[in-house]
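Scroll down for the structure; my scribbles are underneath it.
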Ligand code: PLI
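Residue numbers (my numbering): 307 to 770.
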């Protein structure tokens, strides 16, 4: 007998109290934080959907691993356990631990990215783009055309546009492309999965031109489960078998273990290239640490190794995708425009469509994110022109991002269904009075990654 209800496949052993703030308190908090939700303290947030990164609840087995961690500087037992696990799942020859995903990016691009080089990706995450640009390279997004229609329910909207990749290679020359990246799932593109067929096709193009392919593996297990559910020929394969096949087409990967490592910190960089691995380890020692710990404690390496196995559990993945879908379906059925279909780790509200009266450079996504916090203490994240507007190099003029999204990222194994029901209620109230929301202006910003720290001012006071 099987039942319709998909339950959380875990029990709760330790709880963390939530402080329930009032709307008046939150209005004062917003003013103090210059309307930037990154500047709000976490104990002033009721439901925190800012990110699914580093926010997972660890299992009792991971906490037991924390106690077992070997903190030796060189040759730590925990490192060999970590290395063996990563090799078994990802299949690469060299495994280099780092403190988080962006450290892997920094080391990789410091070695491969020269000024003027071009690095294509289905869609670069913000730290990936910033690390490339910091080295003088050009980060080019090549999402498949289906992604631009946020309403179309295509199963693999995270795919790379392979025709566009071929065109780019012939335009700039393979010698100017040190690597191609593929982000699974495509976070900045709506958390959408990449199909095995697309990974295979991108890999074939890379091999034809002698360009290495790197997978940004942050959410590899969720991507593998989408392949199992949606791609013909994979229904009977395990997530582990699918993950192994995904990585078999690549030459290396960057990984933030703060996502599908089910850990609160950590990451790794993998490659099959012996000479490159040697150079990477030299840079690692300079800023991260000795190659058998790489900026992490032995206990972190244990937690990650155990998390990488737990994340591939089919019951966990079934629950994970079901809970994200639940949030998406409940707001979409009331008319809230979301990127369809819901992603693996997050639901993305299309604030551009929900708030058409706010022009892109007055940041409709920011306006909605602030309102969800003001109304219900729900913290989300703008993924639109605050994060991704581009400056024209000649005129200095700002060009809006392709989409104005608000991401509701769901921490792994943290919130229950009634927490999600509360979030649905808050979003629906904001949706009902959407015409009254106003745009924002940036009053202070930094040249890179401005969204983390910039200050905003409402263009006219929220009038509710
Ligand atoms: O936050 P890091 O440095 O461990 O990982 C950087 C990173 C790289 N690639 C992708 C696809 C990411 O999503 C990513 C980090 N994402 C964050 C922090 C997020 O909130 O989505």
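Using N, Cα and C, we set each Cβ at its ideal position, and we do this for glycine too.
Worksheet item: Can you tell which of 342, 376, 338, 327 has the C-alpha that lies nearest to the C-alpha of residue 609?
Response: Cα-wise, what sits closest to residue 609 is 376.
Worksheet item: Do residue 493 and the ligand PLI come close, with the Cβ less than 7 Å from some heavy atom?
Response: yes
Discussion item. Could you compute how far the alpha carbon of residue 363 sits from the alpha carbon of residue 634?
Written reply: 22 Å
Item to complete: Output the distance between the C-alpha atoms of residue 413 and residue 325, rounded to the nearest integer angstrom.
Response: 40 Å
Practice prompt. Can you give me the start and stop residues for the alpha helix (DSSP H) that residue 732 sits inside?
Written response: Residue 732 -> alpha helix (DSSP H) spans 723-738.
Worksheet entry | C-alpha distance - residue 631 paired with residue 533, whole-angstrom precision | When rounded, the distance between both Cα atoms is 16 Å.
Fill in: Sub-8 Å separation of residue 583 and residue 677 beta-carbons
Not closer than 8 Å, so no.
Worksheet item: Which term fits residue 561, buried or exposed, when burial requires 16 or more other beta carbons within 10 angstroms of its beta carbon?
Response: buried
Worksheet item: If you measure from the CB of residue 450, is any heavy atom of the ligand PLI nearer than 7 Å?
Response: Residue 450: no, Cβ never under 7 Å from the ligand PLI.
Worksheet item: When the Cα atoms are used, what is the spatial distance from residue 404 to residue 607?
Response: Roughly 10 Å separates the two Cα atoms.
Worksheet item: Is the region 681-693 close to the region 748-761, with three or more CB pairs under 8 Å?
Response: yes
Item to complete: Could you say if the region 570-581 and the region 332-343 meet the contact criterion of at least three C-beta pairs nearer than 8 Å?
Response: With a cut-off of 8 Å, the region 332-343 and the region 570-581 do not count as touching, because too few Cβ pairs lie within range.
Worksheet item: What number of angstroms, rounded off, separates the C-alpha of residue 654 from the C-alpha of residue 564?
Response: 20 Å
Discussion item. For the beta strand (DSSP E) containing residue 688, name the first residue and the last one.
Written reply: 687-689
Item to complete: Would you be able to state if there are at least three C-beta pairs under 8 Å between the region 410-426 and the region 389-396?
Response: no
Discussion item. Does residue 522 pass the burial test, meaning 16 or more other C-beta atoms within 10 Å, or should it be called exposed?
Written reply: buried
Item to complete: Tell me whether residue 419 counts as near the ligand PLI, meaning its Cβ is closer than 7 Å to at least one heavy atom of that ligand.
Response: no
Discussion item. Taking the straight line between their C-alpha atoms, what separation do you get for residue 707 and residue 667?
Written reply: 9 Å
Item to complete: Sort out for me which residues DSSP pairs residue 668 with in a bridge.
Response: When DSSP reads this structure, residue 668 sits in no beta bridge, so it has no partner.
Item to complete: Please list, in chain order, all residues of the same chain as residue 497 whose beta carbon is under 7 Å from its beta carbon, the five residues on each side excluded.
Response: 491, 649, 650, 651, 652, 654
Item to complete: State yes or no: is the C-beta of residue 522 nearer than 7 Å to some heavy atom of the ligand PLI?
Response: yes
Fill in: Three-state secondary structure (DSSP) of residue 347
coil
Worksheet entry | residue 715 classed as buried or exposed, judged by whether at least 16 other C-beta atoms fall within 10 angstroms | buried
Worksheet item: Does DSSP classify residue 547 as helix, strand or coil?
Response: helix
Fill in: Same chain only: Cβ atoms within 8 Å of residue 770, ignoring 5 sequence neighbours per side
Note that residue 770 scores 47 on pLDDT, short of 50, meaning its location in the model is unreliable; the coordinates nonetheless yield the value given after this. The beta carbon of residue 770 sits closer than 8 Å to the beta carbons of 739, 742 from its chain, once the five residues preceding and following it are set aside; these are given in chain order.
Worksheet entry | Contact test: residue 431 Cβ vs the ligand PLI heavy atom, cutoff 7 Å | At least one heavy atom of the ligand PLI is nearer than 7 Å to the Cβ of residue 431, so yes.
Worksheet item: Where does residue 529 sit, in a helix, a strand or coil, going by DSSP?
Response: In the three-state reduction of the DSSP assignment, residue 529 falls in the helix class, which pools H, G and I.
Worksheet item: Nearest-angstrom Cα distance between residue 466 and residue 503?
Response: 11 Å
Worksheet item: What did DSSP end up calling residue 320 once you bin it into helix, strand or coil?
Response: coil
Item to complete: Assign residue 451 to one of three DSSP states: helix, strand, or coil.
Response: helix
Item to complete: Consider the C-beta atom of residue 564 and the heavy atoms of the ligand PLI; say whether any pair is separated by less than 7 Å.
Response: yes
Worksheet item: Can residue 357 be considered in contact with the ligand PLI, in the sense that its beta carbon sits closer than 7 Å to one or more heavy atoms?
Response: yes
Discussion item. Using 8 Å for Cβ pairs, my map puts residue 786 next to residue 505. What's the rounded Cβ distance?
Written reply: This structure gives no information on residue 786, because the portion of the chain shown stretches from 307 to 770.
Discussion item. Run through the DSSP bridge pairs and tell me what residue 519 is partnered with.
Written reply: 486
Practice prompt. Determine the burial state of residue 400: buried for a count of at least 16 other Cβ atoms within 10 Å of its Cβ, exposed for fewer.
Written response: So residue 400 ends up on the buried side.
Worksheet item: DSSP puts residue 562 in a beta bridge; with which residues?
Response: 573
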